[in-house]
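Asker: Here you go, one structure.
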């Protein structure tokens, strides 16, 4: 614990991510918490620590989690009865993306219902994530991405991601305007829909929109976009991978 405190608290400024992270991940994750350093990162950590408390987390996530688990159990029962093979890791990523869509920005992606099909945002996000992650092991990525066409595909994927993210932000800003009327929204063009929520429901994007910069100005659309995407990486991927690995180990050691 002392060593962790030394790196993450007492001498944090001595242990920066540096240019490699920004060069590799910045195109997708912007100035989010996975890329930033210094005072920007310190402010982001302080903000997220105030949001991700135990009570807030339980209040936001519980209802959505039970709904998704009911769908997952139904799928597993069906596959068990038919003997159909499936990719458990992909199922866990669909589960956690569904859950994050509901608690993060009030979108029901219905990925378990349509599994293994995806929607443009989730497909673009996964593909872009793979591309930028591979950059850490490829110092010539600018050349190879240009030569293979992967760089242009990454830019196409980011355009899809940005269109989705800014659409969610615009919806939330409209909902927060004075005298905005609540209504039941129709399904979106990508097939996602708004889950049924109570009037008191606040998702993570609502909470981020309440945040302020050091000069007391509200977060911009770009800041909100970056925080959303960084939170998906932090929460969705790590949870899905941990669940898939846990199941793998349980299968190896059933006793």
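Numbering (this note's numbering), first residue to last: 1 to 255.
The C-beta atom is built at its ideal place from N, Cα and C for all residues, glycine as well.
#1: CA-CA distance, residue 209 and residue 154?
#2: Would residue 86 and residue 231 qualify as a contact pair, given that the criterion is a beta-carbon distance under 9 Å?
#3: Could you tell me how far apart the beta carbons of residue 124 and residue 98 are, in whole angstroms, since I believe they sit closer than 8 Å?
#4: Starting from residue 220, trace the alpha helix (DSSP H) both ways and give me its first and last residue.
#5: Helix, strand or coil for residue 212 per DSSP?
#6: In chain order, what residues of the same chain lie with their CB nearer than 6 Å to the CB of residue 162, ignoring the 5 residues before and after it?
#7: Would you tell me roughly how many angstroms separate the C-alpha atoms of residue 48 and residue 111, rounded to the nearest one?
#8: By alpha-carbon positions, which one of 119, 121 and 21 ends up nearest to residue 137?
#9: Would you mind stating whether residue 130 and residue 168 have Cβ atoms separated by less than 9 Å?
#10: Take residue 166 as the anchor and find which of 221, 144, 202 and 205 has the nearest alpha-carbon.
#11: Buried or exposed for residue 160, please, with buried defined as at least 16 other CB atoms from any protein chain shown within 10 angstroms of its CB.
#12: Cα separation between residue 62 and residue 108?
#13: Quick check: the Cα distance between residue 203 and residue 94, rounded to an integer number of angstroms?
#14: Does residue 227 pass the burial test, meaning 16 or more other C-beta atoms within 10 Å, or should it be called exposed?
#15: Are there 16 or more other CB atoms within 10 angstroms of the CB of residue 223, so buried, or fewer, so exposed?
#16: Alpha carbon to alpha carbon, how far is residue 152 from residue 128?
#17: Our contact map puts residue 33 next to residue 41 with C-beta atoms below 8 Å; I'd like the distance itself, whole angstroms only.
#18: Need the endpoints of the alpha helix (DSSP H) that residue 42 sits in, please.
#19: Quick one: what does DSSP say residue 17 is sitting in, helix, strand or coil?
#20: Do residue 27 and residue 132 have their C-beta atoms within less than 9 Å of each other?
#21: Measuring straight from C-alpha to C-alpha, what distance separates residue 219 and residue 177?
Answerer: Reading it off the structure:
#1: 28 Å
#2: No, Cβ-Cβ distance for residue 86 and residue 231 is not below 9 Å.
#3: Not a contact, Cβ separation roughly 17 Å.
#4: Run containing residue 220: none; DSSP gives neither H nor E here.
#5: strand
#6: Excluding five sequence positions before and after residue 162, none of the CB atoms of its chain fall closer than 6 Å to its own CB.
#7: 27 Å
#8: 21
#9: no
#10: 221
#11: buried
#12: 15 Å
#13: 19 Å
#14: buried
#15: buried
#16: Our two residues, residue 152 and residue 128, have alpha carbons roughly 11 Å apart in a direct line.
#17: The pair is a contact, with the Cβ atoms about 6 Å apart (cut-off 8 Å).
#18: 38-51
#19: coil
#20: For residue 27 and residue 132, yes; Cβs fall inside 9 Å.
#21: 16 Å
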